[in-house]
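*Asks:*
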Amino acid sequence: MNTAREHWGSRLGFIMAAAGSAVGLGNIWKFPYMTGENGGGAFLVIYLACIVVFGFSLVMAELLIGRAAQRNPVAAFRHVAGRGWPAVGAMGIVTAFIILSFYVVVAGWTIAYMLFTLNGSLANPDAAALGQVFSDLVANAWQPVVYAAIFTVLTALVVIGGVGSGIERASKILMPLLFLILVALVIRAVTLPGAGEGLEFFLIPDFSKVTGATFTAAIGQAFFSLSLGMGAMLTYGSYLPKERNLPADAFAVVVLDTVIAVLAGVMVLPAMFAAGIAPGEGGAGTTFKVLPAVFDAMPGGVIFGFGFFLLLAVAALTSSVSLLETVVCYFVDERAVSRRRATILSATCVFAISIPASLSSGLWSEVTFFGKNFFDLMDFLSSSILLPLGGMLTALCVGWVMGPRAIAALTNDGKLSMPWAGVWLFGLRFVAPLGIGWILLQGLFG
Ligand code: PHE
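Everything in the sequence shown is counted per my numbering, starting at 106 for the first residue and increasing by one.
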C-alpha cells in the first residue's frame with residue numbers, strides 16, 4: 106500500500122499546496138471580522154502570539170507525523186504512537202466534516218459574488234444597499250444552497266483527480282496572482298476617506314478589551330487559518346518524501362498564511378470604517394458587504410471585483426480540497442474504497458450537512474442550539490474546541506510519545522543540523538499542552 110504512495114513533484118509544489126490549504130476563507134473572510142468583533146489590535150497581537158508560540162511548532166509536528174508514517178491521520182497516529190492515539194486522527198476526520206459543512210456555504214457566497222460583480226448588482230457604493238445585497242442572498246431559500254452544491258462538486262472533482270496533478274499546478278500560478286490583487290485592494294482601501302481610523306483600530310492594540318474569550322477566538326482563528334489540529338497538514342505531510350528540510354517548508358507556509366491574513370485585515374477593516382460600519386457589527390458578511398465599495402472606487406473596478414472573488418473562490422477550493430482529501434485519504438487507505446467512491450460518498454455527506462448551515466443565515470436563523478444557529482455552532486465547535494484540542498493532543502503525542510524519535514525524524518537522522526530542535530520539543534512537551542489547555546478551559550468555562 107505504501108510503496109505506491111504518490112509524492113509531491115517538487116519543493117515549491119508542496120509549499121504551494123500546503124499554503125493553498127492554509128490560505129483560504131479563513132484569512133480573507135474570517136480573520137477580518139473576527140478581528141473586528143474581538144477588539145482590533147489586541148486581537149491581532151494575541152493571534153500573532155498564538156501563531157509564533159503554538160502554530161509554527163505544531164505545523165512542524167503534524168507534517169512530521171505524516172511524513173514519518175506516510176499514512177492517513179488515523180493510521181499515522183497508530184504508526185508513530187500505538188494504541189489509543191488513532192482516536193486523535195478519527196476526531197480530525199469528524200472535524201473535517203464539521204468545517205466543510207459551513208466552509209462550502211461561504212465559498213458558495215463567493216461564487217454568487219462573482220456573478221453579482223458581472224451583472225451590476227454591486228455597482229453601488231452605498232453601504233446600506235451593499236448590505237442588502239448580502240442579506241438578500243443569504244435569506245434566499247435555495248440560491249445559497251445551489252452555490253454550495255456547485256462548490257462541493259468542484260472540490261470533489263479536484264480530489265478525484267488526485268493530489269499531485271491539479272492542486273500543485275493550479276496553486277503555483279493562482280496564489281501569486283491572489284497576492285497581487287490583494288496588494289492592489291489594500292492600497293485602494295487604506296486611501297479611502299475615513300479609512301485611517303480603521304487602520305488605527307487594526308494596528309494599535311487596546312488591551313483593556315481583552316478577556317478569556319479573546320484568547321479562545323484568537324487561538325481558534327490561528328488553528329483554523331493554519332489548517333491545524335485536524336490532520337490536513339498531517340495528510341499533506343504524508344505525501345512528502347523523507348529527505349526534505351521540514352522546518353524550512355513549515356516556516357514558508359506559516360509566513361505566507363500570516364502575511365495574507367494581515368493584508369486582508371488591512372484591506373477590510375479600513376474599508377469597514379470608511380463604510381461607516383462599526384467593527385463588531387459586520388458579522389460573517391463583513392468582507393462581502395464592504396469590499397464592493399472598494400472596487401467601485403477603483404478604475405476597472407469590475408475587473409478587480411471579479412478577479413478578487415474568482416481568486417478567493419480558488420483559494421477556498423485549495424483549502425476545501427485539503428479538508429476533503431483528509432477524509433478521502435482515510436477511506437482509501439483504511440477501508441479499501443476506491444478514491445472515486447470515497448470522494449462521492451463524503452462529498453454527498455458534506456452537501457447534506459451544508460444545507461442546515463446555509464439555511465441558518467436565512468430561513469432557519471431562529472433555530473438555535475445553545476444559543477447559536479447551526480452555522481455558528483459548527484464554527485464554534487470546530488475552531489474553538491476541536492482544532493485546539495486536536496493540536497494539544499498532537500503536541501503531547503510528538504512531545505512525549507515520540508520524544509527523541511521526533512528530533513531524529515525532524516533532522517533526517519542527524520543529517521540536518523538543528524541546534525534548536527530541543528527547544529521545539531520542549532515547546533511541544535510543556536508550552537503547547539499547558540497553554541492550549543488553559544485557553545480551552547477559558548473557552549468552555551471562563
Ligand atoms: N486554513 C483554511 C482557511 O484558512 C481552512 C482549513 C481549516 C483548511 C482546516 C483545512 C483544515 O481557509
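Using N, Cα and C, we set each Cβ at its ideal position, and we do this for glycine too.
Should P346 be labelled buried (16 or more other beta-carbon atoms within 10 Å of its own) or exposed?
*Replies:* Its Cβ having fewer than 16 others within 10 Å, P346 is exposed.
*Asks:* Return the chain-ordered list of same chain residues with a C-beta closer than 6 Å to the C-beta of T260, the five sequence neighbours on each side being excluded.
*Replies:* Counting only Cβ-Cβ distances below 6 Å, and skipping sequence neighbours, we find S425, V426, L429.
*Asks:* Between the C-alpha atoms of R183 and R446, what's the straight-line distance to the nearest angstrom?
*Replies:* If you take the alpha carbons of R183 and R446, they lie about 25 Å apart.
*Asks:* Report all residues for which the CB-ligand distance to some heavy atom of the ligand PHE is below 6 Å; order them along the chain.
*Replies:* Any residue whose Cβ sits closer than 6 Å to a heavy atom of the ligand PHE makes the list: S126, A127, G129, L130, G131, N132, I204, F329, S330, S332, M335, A337, S424, S427, L428.
*Asks:* Using DSSP's beta-bridge definition, name the partner residues of K477.
*Replies:* F474.
*Asks:* Taking C-alpha atoms, which residue in I170, L117, V179, A212 lies nearest to V419?
*Replies:* The candidate whose alpha carbon is nearest that of V419 is A212.
*Asks:* Report buried or exposed for T108, applying the criterion of at least 16 other Cβ atoms within 10 angstroms of its Cβ.
*Replies:* Note that T108 has pLDDT 46, beneath the 50 cutoff, so the model's placement of it is unreliable and the number below is only indicative. T108 should be labelled exposed.
*Asks:* Does DSSP put Q547 in a helix, in a strand, or in coil?
*Replies:* Helix.
*Asks:* Can at least three beta-carbon pairs, one atom from the stretch 250-264 and one from the stretch 454-461, be found at a separation below 8 Å?
*Replies:* As far as the Cβ criterion goes, the stretch 250-264 touches the stretch 454-461, which means the pair count is three or higher.
*Asks:* Just verifying my parser: in three-state terms, what is the DSSP assignment at K520?
*Replies:* In this structure, K520 counts as coil in the three-state DSSP scheme.
*Asks:* Please state whether DSSP places A514 in a helix, a strand or coil.
*Replies:* Helix, per DSSP.
*Asks:* Among A355, F414, L220, A300, whose alpha-carbon lies nearest the alpha-carbon of G370?
*Replies:* Nearest of A355, F414, L220, A300 to G370, Cα basis: A300.
*Asks:* Name the residue from G197, F320, G129, V210 whose alpha carbon lies nearest to the alpha carbon of L416.
*Replies:* Of the candidates G197, F320, G129, V210, the one whose C-alpha sits nearest the C-alpha of L416 is G129.
*Asks:* According to DSSP, is K347 helix, strand or coil?
*Replies:* Three-state result, K347: coil.
*Asks:* What is the rounded straight-line gap between the Cα of F307 and the Cα of P397?
*Replies:* Distance between the alpha carbons of F307 and P397: 20 Å.
*Asks:* Could you give the DSSP three-state label for M403: helix, strand or coil?
*Replies:* Looking at M403 - three-state DSSP - the assignment turns out to be coil, as it is neither helix nor strand.
*Asks:* Figure out for me which residue from S115, I198, P310 has the closest Cα to the Cα of G141.
*Replies:* Considering only alpha carbons, the answer is P310.
*Asks:* What do you reckon, is the C-beta of V315 under 7 Å from a heavy atom of the ligand FMN?
*Replies:* As for the ligand FMN, it is missing from this structure, which binds only the ligand PHE.
*Asks:* Using a 10 Å radius around the Cβ and a threshold of 16 neighbouring Cβ atoms, would you call G236 buried or exposed?
*Replies:* That one is buried.
*Asks:* One question on the structure: do V359 and I544 come within less than 8 Å of each other, judged by their Cβ atoms?
*Replies:* Cβ distance not < 8 Å, so V359 and I544 don't count as in contact.
*Asks:* Sorted by chain position, which residues of the same chain lie with C-beta nearer than 6 Å to G412's C-beta, five sequence neighbours on each side aside?
*Replies:* Counting only Cβ-Cβ distances below 6 Å, and skipping sequence neighbours, we find I286.
*Asks:* Just list the alpha helix (DSSP H) runs in the stretch 316-377, keeping only unbroken ones of 4 residues or longer that don't cross its boundaries, in chain order.
*Replies:* 317-330, 337-342, all fully within the stretch 316-377.
*Asks:* Whose C-alpha, out of Y208, L351, F202, is nearest the C-alpha of L521?
*Replies:* Measuring from the Cα of L521, the nearest candidate turns out to be L351.
*Asks:* Which of the three DSSP states is assigned to G387 in this structure?
*Replies:* If DSSP states are grouped into helix, strand and coil, G387 belongs with coil.
*Asks:* Should P375 and L297 be called a contact, given that it needs their Cβ atoms to be closer than 8 Å?
*Replies:* Yes, Cβ-Cβ distance for P375 and L297 is below 8 Å.
*Asks:* Please check the pair A323 and F148, which I expect to be a contact at CB under 8 Å, by giving their CB distance rounded to whole angstroms.
*Replies:* Correct: roughly 6 Å between the Cβ atoms.
*Asks:* Contact between the stretch 312-329 and the stretch 433-453 is defined here as three or more beta-carbon pairs at a separation below 8 Å; is this criterion met?
*Replies:* These segments do not touch.
*Asks:* Pick out whichever of S487, S276, Y138, S226 has its Cα sitting closest to the Cα of F119.
*Replies:* If we check each option's Cα against that of F119, S276 comes out closest.
*Asks:* For N478 and E348, what's the separation of their Cα atoms in angstroms?
*Replies:* About 47 Å.
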